[in-house]
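J.: Residue numbers (the UniProt record's numbering), protein chains in the order written: chain X, 1 to 329; chain G, 1 to 329.
Beta carbons are placed, not taken as given, at the ideal position from N, Cα and C, and that holds for glycine.
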DNA sequence: TCGGTTTATGGAATCGATACCACATTTATC
DNA sequence: GATAAATGTGGTATCGATTCCATAAACCGA
């Protein structure tokens, strides 16, 4: 492996000079510069970024913590982040918590010890330990999707999105609307979306039966199971619509309903949230909400970059969303 | 930021001893060990991995080069890689070439200078510069999806998969089979799959018309456009089936055909490759080929890890696949 | 021609860890 | 009880870059 010293020796200069050439900094004569550049090319020398990072306390890497690596949401967000940071020659170090809370905290420490210059977290929950860990890490930090106290956060407007979907169902004459959600440890997806639904139902004085409320785990299969429970448990009082907090669970629910011979949306309407590719191509096309995940990633990256350059006050940004009306309602 | 020196001072020992505790290496007395561990916990000290990596020449990071970050294939592969490497406490450094050939090479150099311990490349093309760059990087290296000379590669059996799909169509009495492919700069997807199709047609003495062969760019939209061209240009001689080399293009083609009032598979049958989630939930469900991408990622990671521990001869592994017969043929 | 910039280069310290060697003390072995 | 082996700890060099300071030649206006 060639190092800066090798180059220096070969060029008959000090390594300081080589460093100056490499970083375009300070005075270097034309002929020395050319000589060095030529050697760099010939030897294929690339500076050791560990050494550089050790000295400069900057790594050029930003850490991204994902709840699950292979989801459409995650990959869209990452794509947005990447688009922004790669322009400034930053790399992304990816970690995957597999929905494990402790790992979130573990990774924050890990990323810190890897000298990342900043962290973006796709959060799935809020807890004291987590905010504590973020505080002690003392790094530029952005959270996407959850409103973490003391942390600049990019938020989806879960409450209003859910309310809008519910309202839209109501405007289609639905009065008996069921709900497939997720656990409330996830304050955004599990909490706010449910509130949006419940409040809207209440405002419209529509009764809700316990059997209509089911809780899944984000997966298509769990959507299927929840729909089954809803149908089985409320035989005498079937809902005419089901609001699912994610597209995938909505797809699962549709699958079950179709198997059972229900026609969508005639017998039962369905809507989801997420605007997955899937939602567009199922039949009937799924009514859903576009959260502009990629844009959230871009925004997060921009904020992070800004925060890295200059300490900024913590802020909250609520993203807009778009209701996509299709055929399932 | 606390360093190993701070801990050493506080514990009244040398930093050598602290290092020994941290790495569980060499002799340390119980009481010193406890004292140090306690301090580590109290201060929240995490060792600088840049320093460590500078000294040890190992970074605990493996680089992954993707053609496009937000695709189902990529995220499945990454998920597989992650599953394996995270068990051994490696992290993934992700890079995204955005289908840009030069970036592939640039990233190899970049990852090298970041001291990654190995690289996994989801290759989309083969060229001299690329194999050259891999050679000079001189790092443990695995390619997925393309047979790179001199590089351990995990390959999908594109030729036989395509032949199988074509044969299956033929066994359903199709004689006029069209083809939607991609450019042959991608030897696997563009080259081998096409060969599989062409050879199978030839073996069965089935004629192919030029208008039946179209080339897209992996996107759903391009599938749509290709289908349009096929239908428009061969009005007098419509195919009864279209084989698409990717699911997404198949979905696009289906969309166009549906718009035009064709019934699938009665009027025209369709099949893809990739076993995307999408393929399962479109109507009619798409016949496709499962390439076990996640498994490919796992395998790649295992091979890479093995290669990192011990120099291994370069090998080629051809993965198996599974034809998934659904309703679109 | 003289003092002051500007240009050009090198030397030494430093970042935070690990590795190797040296040395002292205990413990085991015959 | 002498010698060998195991245990415990510290000192110093080192990894490959950057940074700061020193030095010197070239240039320049008065």
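1. Can you tell which of X:228, X:156, X:234 has its C-alpha closest to the C-alpha of residue 193 of chain X?
2. Counting only C-beta atoms, is residue 282 of chain G closer than 8 Å to chain X at any point?
3. Determine, using beta carbons only, whether residue 84 of chain G comes closer than 8 Å to chain X.
4. Taking just the CA atoms, how far does residue 158 of chain G sit from residue 168 of chain G?
5. Distance, Cα to Cα, residue 261 of chain X vs residue 235 of chain X?
6. Could you check whether the Cβ of residue 35 of chain G sits closer than 8 Å to any Cβ belonging to chain X?
7. Counting only the same chain and skipping the five closest in sequence on each side, list residues whose C-beta sits under 7 Å from that of residue 212 of chain X.
8. If the criterion is Cβ atoms closer than 8 Å, does the pair residue 257 of chain X and residue 281 of chain G meet it?
9. Using beta carbons (cut-off 8 Å, strictly below), is residue 44 of chain X in contact with chain G?
10. From residue 69 of chain G to residue 110 of chain G, what distance separates their C-alpha atoms?
11. Would you verify that the beta carbon of residue 131 of chain X is, or is not, closer than 8 Å to some beta carbon of chain G?
12. Does any residue of chain X bring its CB to less than 8 Å from the CB of residue 4 of chain G?
13. Since residue 73 of chain G is in the alpha helix (DSSP H), which residue starts that stretch and which ends it?
14. Comparing alpha-carbon positions, which option in X:292, X:276, X:269, X:300 lies nearest residue 140 of chain X?
15. Tell me residue 118 of chain X's beta-bridge partners as DSSP assigns them.
16. Return the residues of the region 65-82 of chain X that lie within a Cβ-Cβ distance of less than 7 Å from chain G, sorted by chain order.
17. For residue 326 of chain X, which three-state DSSP category applies?
18. Per DSSP, what kind of secondary structure is residue 315 of chain X in: helix, strand or coil?
19. State buried or exposed for residue 150 of chain X, treating a residue as buried only when at least 16 other CB atoms are found within 10 Å of its CB.
20. Hey, residue 147 of chain G and residue 316 of chain G: beta-carbon distance below 8 Å or not?
21. From the DSSP output, in three-state form, read off residue 213 of chain G for me.
22. Short of 7 Å in beta carbon distance, which residues of its chain neighbour residue 105 of chain X, apart from the five on each side in sequence? Order them along the chain.
23. Could you spell out where the beta strand (DSSP E) holding residue 243 of chain G opens and where it closes?
24. Taking the alpha carbon of residue 221 of chain G as the reference point, which residue from G:208, G:244, G:209 has its own alpha carbon closest?
25. Leaving out five residues on either side along the sequence, give the residues of the same chain with a beta carbon under 7 Å from the beta carbon of residue 183 of chain X.
26. What residues from the region 281-309 of chain X come within 7 Å of chain G, judged by C-beta to C-beta, listed N to C?
27. To the nearest angstrom, how far is it from the Cα of residue 57 of chain X to the Cα of residue 115 of chain X?
28. Under the assumption that residue 326 of chain G contacts residue 287 of chain G (Cβ atoms under 8 Å), give the Cβ distance between them as a whole number of angstroms.
29. I'd like to know whether the C-beta atoms of residue 304 of chain G and residue 120 of chain G end up nearer to each other than 8 Å.
30. With H, G and I counted as helix, E and B as strand and the rest as coil, what does DSSP make of residue 143 of chain G?
31. To be precise: take each residue of the region 106-133 of chain X, compare its Cβ to all Cβ atoms of chain G, and keep it if any distance is under 7 Å. Which residues remain?
32. Scan the region 90-105 of chain G for residues whose Cβ lies nearer than 7 Å to a Cβ of chain X and list them as they occur along the chain.
33. Measure the alpha-carbon distance for residue 61 of chain G versus residue 237 of chain X and round it to whole angstroms.
34. Taking the CB atoms as reference points, tell me whether residue 344 of chain X and residue 328 of chain X lie closer together than 8 Å.
35. What residues from chain G crowd round residue 47 of chain X, counting only those whose CB sits closer than 9 Å?
36. Grouping DSSP H, G and I as helix and E and B as strand, with all else coil, what is residue 179 of chain G?
T.: Inspection of the coordinates gives the following:
1. X:156
2. yes
3. no
4. 15 Å
5. 15 Å
6. no
7. 178, 179, 230, 234, 239
8. no
9. yes
10. 18 Å
11. no
12. no
13. 72-87
14. X:300
15. X:62
16. 69, 70, 75, 76, 78, 79, 82
17. coil
18. coil
19. exposed
20. yes
21. strand
22. 129, 130, 133
23. 241-244
24. G:244
25. 190, 215
26. 281, 282, 283
27. 7 Å
28. 5 Å
29. yes
30. strand
31. 109, 112, 113, 114, 115
32. 91, 92, 93, 94, 95, 96
33. 56 Å
34. As displayed, chain X neither begins before 1 nor continues past 329, which places residue 344 of chain X out of reach and without an answer.
35. 113
36. strand
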